Amino acid sequence: MPEPLALASPAASPSSLLAELATALEHDGVTGEWTPTALERSLARRLVIGSAGDLQLTPGLLRSALWEGSVALAHENGGRFGSLLALSFSVAESSEADRDDVLTRVRKVMERVHSMEWDTA
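Using our numbering, you'd call the opening residue of the sequence shown number 39 and step up by one each time.
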């Protein structure tokens, strides 16, 4: 089972935490420390397809993915992907200034998870 993610600054804003979590998860995917499960890939695909029109992860789309993953998502791979989705939902509903940038970053992670492209290019 993967090690839990240790965030540098738990008192940071949700957007900062989300950016840190997305970066750490992507790094672990590239290095092979984290491999998305079938459920995580399926949910990433759902998010990528659902946001294809405007490339935005909306609260409704994120809520749907979290609901679909339900209990299993909290346990697979230490719950890191589920944490990413849950924090993304919180940020998507917020009015933080850097909300769109960090959600775009998360969507890019979803694209990689969905397509399993973990090369370092």
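Cβ coordinates follow ideal geometry from the N, Cα and C atoms, glycine included. Since the structure is predicted, the reported quantities are computational estimates derived from the model, not experimental observations.
C-alpha distance - residue i paired with residue j, whole-angstrom precision
i	j	result
Ala-112	Leu-63	15 angstroms
Thr-61	Gly-88	22 angstroms
Ser-37	Leu-85	The structure shown does not extend to residue 37, since the chain is modelled only from 39 through 159, so no value can be given for it.
Glu-71	His-65	8 angstroms
Thr-158	Arg-150	Unreliable placement is indicated for Thr-158, whose pLDDT of 46 sits below 50; no coordinate value is reported for it.
Arg-83	Ala-90	10 angstroms
Ser-80	Ser-153	10 angstroms
Ser-108	Gly-116	14 angstroms
Leu-99	Thr-69	29 angstroms
Glu-142	Ser-121	Residue identity check: residue 142 is Thr in the sequence provided, not Glu. Rounded to whole angstroms, Thr-142 to Ser-121 spans 17 angstroms at the Cα level.
Val-140	Glu-114	24 angstroms
Asp-92	Asp-138	12 angstroms
Where residue i sits in the DSSP three-state scheme
i	result
Ser-132	coil
Glu-149	helix
Asp-139	helix
Val-144	helix
Gly-91	coil
Endpoints, alpha helix (DSSP H) assigned at residue i
i	result
Trp-105	97-113
Ala-82	76-88
Gly-67	52-69
Rounded distance between the beta-carbons of residue j and residue i, thought under 8 angstroms
i	j	result
Ala-124	Thr-96	Their Cβ separation, rounded to whole angstroms, is 15 angstroms, which puts Ala-124 and Thr-96 out of contact at 8 angstroms.
Leu-77	Ala-50	28 angstroms between Cβ atoms; not a contact.
Phe-119	Pro-74	7 angstroms
*Is the region 50-57 in contact with the region 101-112, if contact means three or more CB pairs nearer than 8 angstroms?*
no
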